[in-house]
Amino acid sequence: MVPTRSNGRVSLLTQMVLLISIVVLISMGIGTALFSNILDDILDRYIGQQAMTVAKLAAMNERIINAFDTADPSATIQPIAETIRVATGASYVVIGNKDGIRYSHYNPQLIGQVMGTSNDPVFLENRSVIYRGSGVSGPAIKAKTPILNKRGETIGVSSVGFVMSDVEKRVDEYKDRVVLASLLLLAIGILGAIVIARRVKRLIFGLEPEEISFLFTEKAAILESIRDATVAVDMHGRVVSMNKRARELLQEDLTVGKPIGSPQLRGIIQSVSQGRQEANVKILLGHEIFITDYSPILSDNRVRGVVFTFRPESEIEQLTEEITKISSFSDNMRAQHHEYLNRLNTIYGLILLGEHDKALEMISGEVKERQDILAFLMSSVKDPFIAACLLGKINRSKELKVTLELDQDSQLADIPEGMNTKVLVTILGNLIDNAMEAALENRGIEASVHVSFTDLGRDLIFDIEDNGKGVPGEMQSRIFESGVTSKPGENRGLGLALVKNAVELLHGHITIGKSDLGGARFTVAVPKHLELEEERGIPLCQTSLLPS
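For the sequence shown, my numbering gives the first residue as 102, with consecutive numbering after it.
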């Protein structure tokens, strides 16, 4: 009985056994038929050549040749011909004269009668022939050759044949062997099919094709529904699959079927193979930083690949800001309330004491600082994104207790319309943040950062200086590489790598030098028009180092 599943369908194991058995059976049938045809052809040629060899053996027998000149040739020729027939296994060996009269035959009653087939090719063309024909003995493979006397004259014919019934008996013997071998191979094939089918069944966890199809569709739907960018790679670093979100975010950097190029991701794959794992790793892909989590793909306790999830750092920061906004809002309001309450109390006290001028001076001082900053940004920086970035960094500097000074002679009004100023914001934001961190770490409450910019000439020039420790000489050649940093802690060294990529995106260049404040000075030059840089022969996307 054929094994079936509960729903009446034939199981995968049975299907595979039947399929492999049918394939083996058909292959064996075709092979047997081809072998039989080849065997028939080989035997025809082989037996024909054998018949010709026997015929020539008889034609060159001197006793047979000399017997043609005797009164009764048959008396001498018949015993010799029969001896040759028995020794060679031929069906008959017939010797005839030029008139076609038999001098020998395995049936003595036919001696003296005319031969059953024509001897014209032998007597008229003086040549030997091999052919299939029917004679007194029935269908046979025949060979005829002339018998020559000592003077080279044709005096008779030697005719040897192998009757087809004898030939077919030999062929059938060979075919029986082939059939037996085929049946043995079929049995081996069926046994092998069962072993293979059981092995496949174990590898696919006993699932049927329709179950595998459903699971594949289900997993694909689950993968596509994941909000985070999800990418699966094998241990060779080749991308195996990725969901819709990953294709949207990472299509330029990761492609299904191609190896990943990021050294950081390749390092993670290597660490996973060695059993190491960590979470929330920062990775720079293209011009954006992603927070990456990963987990190994295990099979038989062996790591077969890695699944990565990527989340843009900007999104995480936005979510973090949203989450912390409510809690920080109350803290900020409480702090501001306390600060302004102190100032209001001070102003109130000055008014009560009659120090009206000092009260007005204090009020004007609070308002003037903010008005001056806004007035400067509105008059000098025409792009709202850059102005907002600078204003945000000024507010941030007050929180960090860092003195952030904008050069009052700076001007940034001539910005080409097609320039992506959001990329400029990335450059400025990261450089100012790095400068404030470096200055704060080195000088504490005396930390100072100076920012200047100009649009004179063919480039937009930005200078960011700090009074930190500066960039060590041995690190200057690698400071823009992802993961390289002089600061302690994990997930560092991505800001300057992001700056470099952004500068390259704008076809600019960046230099590192020594600041008059005592720390580092980063100078960024971005061409207003790309063709001007090319005309001047300046190589694009360069990073240069100035001597400290």
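Beta carbons are placed, not taken as given, at the ideal position from N, Cα and C, and that holds for glycine.
All of these numbers come straight from a predicted model, not from anything done at the bench.
May I have the straight-line CA-CA distance separating residue i from residue j, to the nearest angstrom?
i      : j      : result
Ala69  : Glu274 : Past the edges of the chain, shown from 102 to 649, lies residue 69, and the structure says nothing about it.
Arg482 : Ser549 : In the sequence as presented, Arg is not what sits at residue 482; that position holds Val. Distance between the alpha carbons of Val482 and Ser549 is about 22 angstroms.
Leu561 : Ala488 : 15 angstroms
Leu120 : Ala298 : 10 angstroms
Gly406 : Asp394 : 14 angstroms
Lys426 : Glu416 : Confidence at Lys426 is low in this model, with a pLDDT of 44, below 50, so the placement of that residue should be treated as unreliable; the coordinate-derived value is given next. Using only the alpha carbons, I get a separation of about 15 angstroms.
Arg164 : Ser266 : 31 angstroms
Asp515 : Asp473 : 22 angstroms
Leu304 : Arg367 : 29 angstroms
His630 : Val604 : 14 angstroms
Asp567 : Ile533 : 9 angstroms
Thr154 : Ile131 : 34 angstroms
Met129 : Leu287 : 8 angstroms
Gln150 : Leu285 : 34 angstroms
Met479 : Asn521 : 20 angstroms
Leu355 : Val340 : 7 angstroms
Arg300 : Ile323 : 29 angstroms
Asn433 : Pro360 : Reliability of the predicted coordinates at Asn433 is poor, the pLDDT of 44 falling under 50, and no value is obtained from them.
Val627 : Leu399 : 49 angstroms
Leu442 : Gly450 : 12 angstroms
Asn535 : Val526 : 14 angstroms
Thr255 : Asp173 : 19 angstroms
Glu226 : Asn138 : 33 angstroms
Gln214 : Gly257 : 14 angstroms
Ala460 : Leu492 : 28 angstroms
Ser649 : Gly614 : Any reading at Ser649 is ruled out, since the residue's pLDDT is 33, under 50, leaving its predicted position unreliable.
Leu126 : Arg278 : 17 angstroms
Arg377 : Val357 : 25 angstroms
Thr624 : Asp564 : 5 angstroms
Ser372 : Lys383 : 15 angstroms
Met537 : Gly574 : 20 angstroms
Gly569 : Gly620 : 4 angstroms
Glu312 : Lys302 : 13 angstroms
Arg106 : Leu350 : Unreliable placement is indicated for Arg106, whose pLDDT of 49 sits below 50; the coordinate value is still reported in the next sentence. So the two alpha carbons sit approximately 45 angstroms from each other.
Cys490 : Leu453 : 42 angstroms
Gln577 : Glu319 : 51 angstroms
Asn446 : Arg579 : 54 angstroms
Asn344 : Glu325 : 5 angstroms
Kindly identify the DSSP beta-bridge partner or partners of residue i.
i      : result
Gly197 : Arg203 and Val258
His610 : Ala626
Asp617 : BP columns for Asp617 are empty, so no partner.
Met343 : Val332
Ile384 : Phe391
His551 : Glu506 and Glu566
Gly234 : Ala241
Thr410 : Thr331 and Asp394
Phe263 : Ile242
Arg403 : Ser400
Can you tell which of the options has its C-alpha closest to the C-alpha of residue i?
i      : options                           : result
Pro413 : Arg405, Leu385 and Ser400         : Leu385
Met336 : Asp277, Asn162, Val408 and Thr356 : Val408
His78  : Ile528, Pro628, Met216 and Met537 : Outside the displayed span of the chain (102 to 649) sits residue 78, for which this structure offers no information.
Arg233 : Leu454, Ala182 and Lys245         : Lys245
Thr218 : Ala539, Gly239, Pro573 and Glu582 : Gly239
Gln210 : Cys490, Thr171 and Gln179         : Gln179
Arg559 : Leu541, Glu319 and Pro517         : Pro517
Ile390 : Ala182, Leu135 and Asn381         : Asn381
Ile123 : His610, Gly290, Leu507 and Ala321 : Gly290
Asp170 : Lys469, Ile248 and Leu350         : Ile248
Ile148 : Val264, Arg228 and Asp221         : Val264
Asn162 : Thr184, Gln375 and Ile143         : Thr184
Leu541 : Ile580, Lys494 and Leu501         : Leu501
Gly338 : Val572, Ser363 and Ala539         : Ser363
Val332 : Thr410, Ile295 and Glu582         : Thr410
Val503 : Ala476, Ile464 and Arg544         : Arg544
Leu607 : Phe581, Lys523, Gly571 and Gly201 : Lys523
Ile650 : Ser498, Asp401 and Ile143         : The requested residue 650 does not occur in the structure, where the chain is confined to residues 102 to 649.
Could you check how far apart the C-beta atoms of residue i and residue j are, in whole angstroms? I think they sit under 8 angstroms.
i      : j      : result
Ala160 : Ser259 : 4 angstroms
Gln509 : Asp556 : That belief does not hold up - the Cβ atoms of Gln509 and Asp556 are roughly 15 angstroms apart, past 8 angstroms.
Ala188 : Gly262 : The pair is not a contact, with the Cβ atoms about 16 angstroms apart (cut-off 8 angstroms).
Tyr204 : Asn198 : 7 angstroms
Asn654 : Gly596 : Because the chain is modelled from 102 through 649, residue 654 falls outside the range shown and cannot be assessed.
Val195 : Met216 : 6 angstroms
Ile392 : Val334 : At roughly 18 angstroms, the Cβ-Cβ gap does not stay under 8 angstroms, so Ile392 and Val334 are not in contact.
Ile242 : Ala152 : 6 angstroms
Arg346 : Arg328 : 7 angstroms
Val552 : Leu507 : 5 angstroms
What alpha helix (DSSP H) runs, 4 residues minimum, are completely inside the segment 127-188? Listed in chain order, they are 163-168.
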